[in-house]
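Notes follow the structure.
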Amino acid sequence: MPSLRIALAQIDTTVGDLTNNAAAIQQWCRQAGDLGADVAVFPEMALTGYPIEDLALRRSFQRSAAMAADELAHSLAINGLGELVVIVGSIGPAAPNDTKTLSRPSNRALVLHQGRVIAAYDKHHLPNYGVFDEFRIFAPGSTPTIVEVRERRLGLAICEDIWQDGGTTQALSTEAIDALVVLNGSPYEQGKGHTRTELVRQRARQLSAPVCYVNLVGGQDDLVFDGGSFVVDAAGTELLRLPQFVEGLDVVDLPEAGSQPKPGRIAPPLSTAEEVYRAATLGLQDYARKTGFTSVVLGLSGGIDSALVAAMAADALGGENVVGVSMPSDYSSQHSKDDAADLAARIDADYRVVPIAPMVQSFHDQLTLEGVAAENLQARVRGMVLMSLSNAEGHLCLATGNKSELAAGYSTIYGDAVGGYAPLKDIDKSLVWELARWRNNDAIDRGQIPPIPENSITKPPSAELRPGQVDQDSLPPYHVLDEVLGAYIEHAEGRAELLQRGFDPEIVDKVVTLVDRAEWKRRQYPLGPKVTALAFGRDRRLPITSRWREPRSMT
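According to numbering that gives the first Met the number 0, the stretch in the sequence shown is residues 0 to 554, in order.
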């Protein structure tokens, strides 16, 4: 039985861009062919982009996707790649046995060879939790598919198929396959990489066969796919791993019968801080690129949040494409203005100063505003300045709030909450500081100037909307706040569980009240990259109009 070389291609495609996605797939196939691959495997729905949500239900899109697959197979053949077996994700036609009024298509893996589509596998298990809502979009498949290449039997699976017991993997365990090939569109979240690896090792031992796990890379709206494709042998030993957050291709050899597979290149793991930073930066980069923006605009307050977002934007798009606007008011400290200017110089941003005091005064001349209303007016004038620059010059406006602030409602609607994208939306304040430290240390390790001024990291956070204001006037200390928020939001713990953890009752009651009352604000906040197991948005769906409050007597 001859050896078989399999290429894993983790690529970044764009939802709906069938022509350019197909062209990219062909380019990566060329690279696979140059490396002597017999098989090239691409991620879940790579041809269509993923997730395509209700776009999948349009018959015109289904037909166009089918035509794109046929044309890709033909183009590969006429360009000398017809002998390469290409396994690529797309969608299939509406399921014939689907009796619903609106027939649902399938999430499909296509096998292309010698100018045509020779086989297909329809995803059996459909995820319907968290960000996934695939029951209403796709029809489940049923029959496992085995592709024979050079006398080797390759079983096919798609993402959720290996996360659920039974179904595809159970059926393939009786088929004596030589390897399982899994096409994935698995979004990034902290800690998920280890879980994936252990699951794949378990499936390899169950099947007594190597498993090739090929994952999508890139940002799509509020999701980020981290790549990190890998291969394990039948015992679960890792043979190959591609880097995270970058496109790439590498090969693994299934050796002749009786021989052990040889390990290939294994990308080193990233620290948690680097993973999250790269995930958020890639999410921003791809959102801007795929929606047609080449530059961004954001407010630079001199604080840690705007500094971190600016550093991410410079890494994503280049500092010259970042417009940073300082908008001092009567309450802005000199050190904040200096820190904003320092940051802009470090990342080579287009730095502008727009004093807002005259504009704020114009409002006060027409309105009588005091207290919070007067404070919020400053934030809303700043939002107006940023959105005006966005409209006039074509920049993507970035919101700089973090998950802690968003959870507690510590933001001004139509003020600092304006924008088209929020890179820190799923990153709490404690992690913001950690990411800033990591980014600066990474720069030092590379012999570069740290992008974030040290003073922005170490000074007490403040919105500077009134004299002497700091965040802790209105919120518990962030290290306490983030612990309570994590337990209440991500683990859905109630008052009794929070008190059992030892949190102060006054802090618990204040935080729970703040979170519950701010749901309406979160619904209107810009989208941002998901990096935790439970992000605001599709992961957590609560009613805005609700009078539910946990009774104190339950504690």
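Here a beta-carbon is modelled for each residue, glycine too, at the ideal position from N, C-alpha and C.
Starting from residue i and walking both ways along the beta strand (DSSP E), at which residues does that stretch end?
i	result
H112	105-112
S332	Per DSSP, S332 belongs to no beta strand (DSSP E) and is neither H nor E.
C28	Unbroken run through C28 is the alpha helix (DSSP H), 17-33; no beta strand (DSSP E).
Y120	115-121
A6	3-9
V210	210-214
I145	145-148
I157	151-157
Using only the heavy atoms of the ligand COA, determine whether one of them is closer than 7 Å to the beta carbon of residue i.
i	result
N214	This structure lacks the ligand COA; in fact it carries no ligand of any kind.
Determine the direct distance from the alpha carbon of residue j to that of residue i, and round the result to whole angstroms.
i	j	result
A339	S325	7 Å
L32	P422	The question names Leu, but residue 32 is Gly in the sequence shown. Rounded to whole angstroms, G32 to P422 spans 38 Å at the Cα level.
S258	D232	12 Å
T100	L155	Its pLDDT being 43, under 50, T100 is placed unreliably in this model, and the coordinates cannot settle the point.
S429	D481	7 Å
L238	E392	49 Å
A495	E518	22 Å
G218	R151	35 Å
V230	G298	44 Å
G15	T293	20 Å
M383	L80	54 Å
W437	Y409	26 Å
I543	G501	29 Å
A178	V530	31 Å
N106	A372	51 Å
S473	Y524	21 Å
I426	E549	27 Å
P528	G418	14 Å
L385	Y330	19 Å
D225	L182	14 Å
T18	V245	22 Å
A39	D11	16 Å
R537	V359	37 Å
P459	T367	31 Å
S270	V479	24 Å
G493	L281	35 Å
D53	A306	37 Å
P452	K402	22 Å
V511	A534	17 Å
R546	L513	14 Å
Are residue i and residue j touching if we call contact CB-CB under 8 Å?
i	j	result
L7	V213	yes
L241	G247	yes
L397	Y420	yes
P209	P260	yes
D304	V431	yes
L109	A287	no
H124	E159	yes
G301	S328	no
L83	I24	no
A278	G318	no
R381	I346	no
V321	L388	no
A36	I5	yes
Specify, as a first and last residue, the run of the alpha helix (DSSP H) that residue i falls within.
i	result
E404	402-407
N440	428-444
D515	504-516
S455	453-457
Y477	477-484
R540	Counting along the chain, R540 falls outside any alpha helix (DSSP H), and DSSP gives it neither H nor E.
R615	Look at the range of the chain in this structure, 0 to 554, and you will see that residue 615 is not part of it.
Since residue i contacts residue j with CB under 8 Å, what's their CB separation in whole angstroms?
i	j	result
G88	P42	6 Å
I176	L206	7 Å
V180	L153	5 Å
D221	L526	5 Å
A585	I90	What is shown of the chain runs 0 to 554, which leaves residue 585 out entirely.
P450	A315	With a Cβ gap of about 13 Å, P450 and A315 do not count as contacting.
G323	A343	5 Å
S228	Q9	5 Å
V483	L498	The pair is not a contact, with the Cβ atoms about 11 Å apart (cut-off 8 Å).
A21	A67	5 Å
Is residue i close to chain C? Criterion is C-beta to C-beta, closer than 8 Å.
i	result
H394	Here there is only one protein chain, and chain C is not present.
Runs of beta strand (DSSP E) lying entirely within the stretch 165-203, each at least 3 residues, in chain order: The DSSP assignment places complete beta strand (DSSP E) segments of no fewer than 3 residues inside the stretch 165-203 at 178-183, in order along the chain.
Every unbroken beta strand (DSSP E) within the stretch 287-372, with a cutoff of 3 residues, ordered by chain: Listed in chain order, the beta strand (DSSP E) runs fully inside the stretch 287-372 are 295-298, 321-325, 349-352, counting runs of at least 3 residues.
Which ranges would you report for the alpha helix (DSSP H) in the stretch 33-85 if only whole runs of at least 4 residues count? 58-75
What are the complete beta strand (DSSP E) segments, minimum 3 residues, inside the stretch 210-248? As far as the stretch 210-248 is concerned, its whole beta strand (DSSP E) runs of at least 3 residues are 210-214, 216-219, 222-225, 229-231, 237-240.
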